[in-house]
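Some notes on the structure that comes next.
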Amino acid sequence: CSPATFRLIARRASIRWLHSAMNRAIFCCAFVLAAETSQLLLTDQYDHQFQLSDLHGSVVVLIAGDRTGSNYMDTWARALRARYKPEDYPQLKRVSAANLASVPGLLHGFVKRKFFSKDAAHPASPVLLDWQGAIAHSYGFRDNVTNVYVFDREGIVQYKGSGKGTSSDLDPLFHVLDALLVKPASQ
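Going by our numbering, the sequence shown opens with residue 282, and the numbers climb by one from there.
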């Protein structure tokens, strides 16, 4: 954390003095991460608000991509569904997001309509529309690939990865999720 960021956080938290540089760095980074996690607020294509902190108590996988990265999101999602079936792992919540920070304001309505299903009988799954790049600013983001973040039950990032969903991309994700999730009794 930069000294300016630290001073701002310390003022907001009414903290006047931290005893060592190490304590300052640990406090600053943990505080910023907790603040960003609880304040991530986005809307989906149906104008429903989503706040990451509403899912505290669950393990959350956030899958995000830009225009090119969205080509690989389904690969990641299918692999997650195959390994962690929703009926067996109800504590796992999956959230999809689109990084739309590069879309000019005049095109927001046009782009938003692209996320609606053409078949009214089968509405499209909700996708968070990140017009400001909040996910990228908060957690980091690689362009042109899918970005995946795992938050534990307290909302702390336990994994950040990106790629096209190959087995070498998926193995570290599965390792983290295996450690965080309670296995179903039937296994």
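We put the beta carbon where it would ideally sit given N, CA and C, even for glycine. The structure displayed is predicted, hence computed values, not measured ones.
| query | Is R375 helix, strand or coil by DSSP? | reply | Of the three classes helix, strand and coil, the one that applies to R375 here is strand, per DSSP.
| field | In DSSP terms, what K441 is bridged to | value | K441 is bridged to Y430.
| request: Below 7 Å CB to CB, which residues in the same chain sit around E317 once its five sequence neighbours on both sides are set aside? | output: Low confidence applies to E317: its pLDDT is 44, below 50, so where it sits in the model is not reliable, and the reading given next is rough at best. Only residues of its own chain outside the window of five on either side were considered, and among them S419 have a CB closer than 7 Å to the CB of E317, listed in chain order.
| query | Is the beta carbon of Q326 less than 8 Å from the beta carbon of F391? | reply | No. Outside cutoff.
| Alpha carbon of F331 to alpha carbon of A402, nearest angstrom | Rounded to whole angstroms, F331 to A402 spans 24 Å at the Cα level.
| request: Measuring only between beta-carbons, confirm whether D450 sits less than 8 Å from chain E. | output: Absent from the structure is chain E; it holds one protein chain and no more.
| By a C-beta neighbour count over all protein chains shown, 10 Å radius and 16 as the cutoff for buried, is C309 buried or exposed? | Residue placement at C309 is flagged as unreliable, the pLDDT there being 43, under the threshold of 50; a coordinate-derived value is accordingly withheld.
| Where does K464 land, buried or exposed, given buried means 16+ other C-beta within 10 angstroms? | So K464 ends up on the exposed side.
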